[in-house]
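Some notes on the structure that comes next.
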Amino acid sequence: ELFVHLDQGYAADVVMEPMIWFVDNFTKCLGPLFVACVVTLMSAVIVISYWIGLPYWWERNCYVTVGLLVVGHWLLVNTLFHYYMGVVTPPGYPPQDSLIPEAVSICKKC
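For what it's worth, my numbering labels the leading residue of the sequence shown as 81, then goes sequentially.
This is the structure we're talking about:
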């Protein structure tokens, strides 16, 4: 009778509870840490591609290198712009006083 409520879902909840508590309480600290990790990884990829990839492709074919640089810089600018906008744009909030008609109209009984 001691283990009546013990099942796989309950055990998963018990195991996940400390992780959920950590994320709930330290989200403000984790956000800048993850942003710094993404910036570091993106910088590493860019530096490695210029350090290793650019001389390699320049030796093989300079026309291909120019094309790769144009496409690569276009992707780089778009990636940096969208990541920056994702970081600085406030998340917004759900409406407090109004019902969402798409969600309300799904089930008439409820």
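Even for Gly, the Cβ is constructed at its ideal location relative to N, Cα and C.
Going along the chain, which residues of its own chain have a beta-carbon closer than 8 Å to the beta-carbon of Thr118, five neighbours each way excluded?
With the sequence shown as reference, residue 118 is identified as Val, and Thr is not the correct amino acid for it. The residues are Tyr163.
Quick check: what's the CA-CA separation for Pro96 versus Tyr90?
Reading off the sequence shown, one finds Met at residue 96, where the question assumed Pro. About 10 Å.
My guess is that Thr145 and Trp137 are in contact by the Cβ rule of under 8 Å, so how many angstroms apart are they, rounded?
4 Å
Determine the DSSP secondary structure at Leu86, reduced to helix, strand or coil.
coil
The alpha helix (DSSP H) spanning Thr145 covers which residue range?
142-168
If you reduce the DSSP assignment to three classes, tell me which class Pro135 lands in.
helix
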